[in-house]
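Taking it in order: structure first as structure tokens, then the write-up.
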Amino acid sequence: MTKTIILTGDRPTGRLHLGHYVGSLAKRVELQHSHDQYIMIADMQALTDNAENPEKVRTNVLEVALDYLAVGLEPQANTIFIQSLVPELAELTMYYLNLVTVAQLQRNPTVKTEMQQKEMAANVPAGFLCYPVSQAADITAFRATVVPVGEDQLPMIEQTNDIVRKFNNLYGGSALVECQALTSGVVRLPGTDGKAKMGKSLNNCIYLSDTAEEVQKKVMAMYTDPEHLRVEDPGKVEGNPVFAYLDAFDDDKAGVAELKAHYTKGGLGDVVVKKRLNEVLQAVLEPIRTKRDELAKDPQAIMEMLRQGSEKAEKVAAQTLLEVRKAMRLDYFKD
Ligand code: TRP
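For the sequence shown, numbering that gives the first Met the number 0 begins at 0 and goes up steadily by one.
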């Protein structure tokens with residue numbers, strides 16, 4: 000039985016945080032033995048809005064790899080690789096760019112939102128506007144049929160399938176396969192400030208590599224219900240990130256339900272709930288941090304793992320490229 004192929008990735012622009020953990024890392028760990036999983040550190044994509052900051056991207060390739068291994072992704076079970084070490088992806092992107100219009104790229108909701116957040120407007124780098132196309136290359140190069148993503152990435156999957164259909168229509172054959180988003184069980188964790196999303200630029204993250212003290216400090220400073228002023232006041236659970244985190248991480252569901260009921264009724268202080276959350280998070284993060292610290296002592300071993308993963312990934316992508324070139328009548332020197 001051949002396993003279903005998965006591709007996912009992260010931009011190496013910072014260390015990974017709890018949002019990544021519940022949003023995708025935990026899922027990847029769960030799927031790593033039942034699927035043929037490619038996990039890409041998207042350094043080329045990171046450069047599309049960090050061209051002036053290559054050192055940041057480079058440093059974070061290692062940080063992200065450490066985060067992967069620390070949460071339990073196994074190098075033997077997955078192909079973990081660096082995007083730029085698979086130049087076939089850039090070549091594929093080049094061919095795909097002809098199958099997409101500028102208007103289509105400008106309409107992409109994910110890109111539009113990011114452009115607004117980053118205040119790019121007319122100064123948007125062409126590479127950034129085109130990153131959904133490069134993402135289509137990432138997915139199709141490995142013939143991935145499943146892409147576990149958050150809801151906000153759905154337009155990327157649509158764009159990918161649009162390219163696949165156009166390609167197969169124009170050039171015939173079935174060099175490329177369509178993919179499906181896997182959004183089930185992908186939870187979005189709010190920021191410690193109560194904002195919808197945890198994001199490094201928002202300064203509302205708890206990182207997998209934070210020290211125990213940092214975690215505690217961040218938990219105790221978390222946003223709660225701003226109208227819950229005195230302990231005896233009834234408090235709101237909805238929109239209260241402390242409870243969202245408990246839902247995501249506390250295995251004692253009955254205990255959480257009790258806390259919620261008590262909080263809603265009044266008489267339960269924020270500090271008590273935060274202390275519980277701190278306990279729960281420390282228990283989740285402690286083994287991750289210990290493993291990460293251990294692995295961080297030998298960065299060369301991590302880089303070697305990435306080199307091997309990238310070599311393996313390149314072989315697979317090269318095979319797809321061969322078929323793509325053939326379909327596009329670019330196979331000049333057949334032997
Ligand atoms: N866009 C993803 C991120 O921001 C990274 C990524 C690059 C990716 N190529 C991909 C994710 C292909 C899924 C599929 O982290």
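Ideal placement from N, C-alpha and C gives every residue a C-beta, glycine not left out.
Closest Cα partner of Leu65 within the set Ala143, Thr289 and Arg324: Thr289
Stretch-stretch touch, CB-based, cutoff 8 Å, three pairs: the stretch 99-116 with the stretch 137-148: no
Counted within 10 angstroms of its Cβ, other Cβ atoms place Gly254 as buried (16 or more) or exposed: exposed
Leu6 beta carbon less than 8 Å from that of Ile138: yes
Beta strand (DSSP E) runs wholly inside the stretch 49-80, at least 3 long, in chain order: none
Assumed close pair Gly22, Val186 - CB separation to whole angstroms, cut-off 8 Å: 6 Å
Met39 beta carbon near ligand 1 (any heavy atom closer than 7 Å): yes
When Gly171, Glu237 and Val60 are compared against Ala195, the one with the closest alpha-carbon: Glu237
Beta-carbon proximity of Ile38 to Ile81, cut-off 8 Å: no
Run of the beta strand (DSSP E) containing Asp42, from where it starts to where it stops: Per DSSP, Asp42 belongs to no beta strand (DSSP E); it is in the alpha helix (DSSP H), Asp42 to Leu46.
Proximity of Cys178 and Ile205 at Cβ, strictly below 8 Å: no
Length of the line joining the Cα atoms of Pro225 and Leu188: 19 Å
Run of the alpha helix (DSSP H) containing Thr139, from where it starts to where it stops: Tyr130 to Ala140
Collapsed DSSP secondary structure at Ile156 in the structure displayed: helix
Buried/exposed call for Ala180, threshold 16 Cβ in 10 Å: buried
Cβ-Cβ distance between Leu280 and Phe248 below 8 Å: yes
Beta-bridge pairing of Leu181 - partner residues as DSSP gives them: Pro147
Supposed contact pair Ile40 and Gly71 - C-beta distance, whole angstroms, cut 8 Å: Going by Cβ atoms, the distance from Gly71 to Ile40 rounds to 17 Å, so no, they are not a contact pair.
Whether Val132 touches Val101 by CB criterion (8 Å): no
Identity of the residues DSSP links to His16 by a beta bridge: Tyr206
Reduced DSSP secondary structure (H/G/I, E/B, other) of Thr7: strand
At least 3 beta-carbon pairs within less than 8 Å: the stretch 41-48 vs the stretch 80-96: yes
Alpha carbon of Ala312 to alpha carbon of Tyr262, nearest angstrom: 51 Å
heavy atom of ligand 1 below 7 Å from Thr408 C-beta: A question about residue 408 goes unanswered here, because the residues of the chain that appear run from 0 up to 334.
beta-carbon Val146 near ligand 1 non-hydrogen atom, thresh 7 Å: yes
Distance between Asn77 and Gln31 (C-alpha atoms, nearest Å): 6 Å
Beta-bridge partners of Asp35, as assigned by DSSP: Ile4
Reduced DSSP secondary structure (H/G/I, E/B, other) of Thr289: helix
As assigned by DSSP and simplified to three states, the class of Ala317: helix
Given 8 Å, three or more beta-carbon pairs between the stretch 207-223 and the stretch 263-279: yes
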